[in-house]
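Please read the structure below before turning to the comments.
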């Protein structure tokens, strides 16, 4: 009988240790997951902030490039007009050249309207 009580004492101690280890494991796992969710929230917020900053930069740069392109196109348009006028006057009369210039201006306006829409 005494042997049985000693055995039951050990058995209870073993079950208690197993339950204690299981409880500590659950507690530490919950701490890890809570820490991971906090880290994930901070990381997501940082990533969202960086995406917004990059989008603003890209939009700003796109506007700069568009303005630069428009400036180049206007300068090219002016030089093309002079070039057309020079080559035209070498071959035709001034009135024919002006008529061609008006037609080109009309075509450019139509293409700009299509481009703006």
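Numbering (my numbering), first residue to last: 5 to 121.
Idealized CB from N, CA, C, for every residue including glycine.
This structure is a prediction, so every number in the text was calculated from the model and none was measured.
C-beta atoms of residue 85 and residue 117 nearer than 8 Å
Counting from 1 along the chain shown, the entry for residue 85 is found at position 81. Counting from 1 along the chain shown, the entry for residue 117 is found at position 113. Not in contact: residue 85 and residue 117 (Cβ atoms no closer than 8 Å).
| query | What separation, rounded to the nearest whole angstrom, lies between the Cα atoms of residue 35 and residue 72? | reply | Sequence index remark: in the chain shown, residue 35 carries index 31 (1-based). Sequence index remark: in the chain shown, residue 72 carries index 68 (1-based). Rounded to whole angstroms, the separation of the alpha carbons of residue 72 and residue 35 is 55 Å.
* Asked: For residue 81, which of 54, 38, 109 and 43 has the nearest alpha-carbon?
  -> Along the chain shown, one-based indexing puts residue 81 at 77. Of the listed residues, the one whose Cα sits closest to residue 81 is 109.
Fill in: Sequence-distant residues of the same chain with beta carbon closer than 8 Å to residue 63, five excluded per side
As a first step, residue 63 is located in the chain shown; it is residue number 59 there, counting from the start. Contacts found: none.
To the nearest angstrom, how far is it from the Cα of residue 5 to the Cα of residue 18?
-> Your numbering for residue 5 matches position 1 in the chain shown. Your numbering for residue 18 matches position 14 in the chain shown. Here residue 5 scores only 46 on pLDDT, less than 50, and its place in the model is too uncertain to base an answer on.
According to DSSP, is residue 46 helix, strand or coil?
As a first step, residue 46 must be located in the chain shown, where it is residue number 42. Reduced to three states, the DSSP call for residue 46 is helix.
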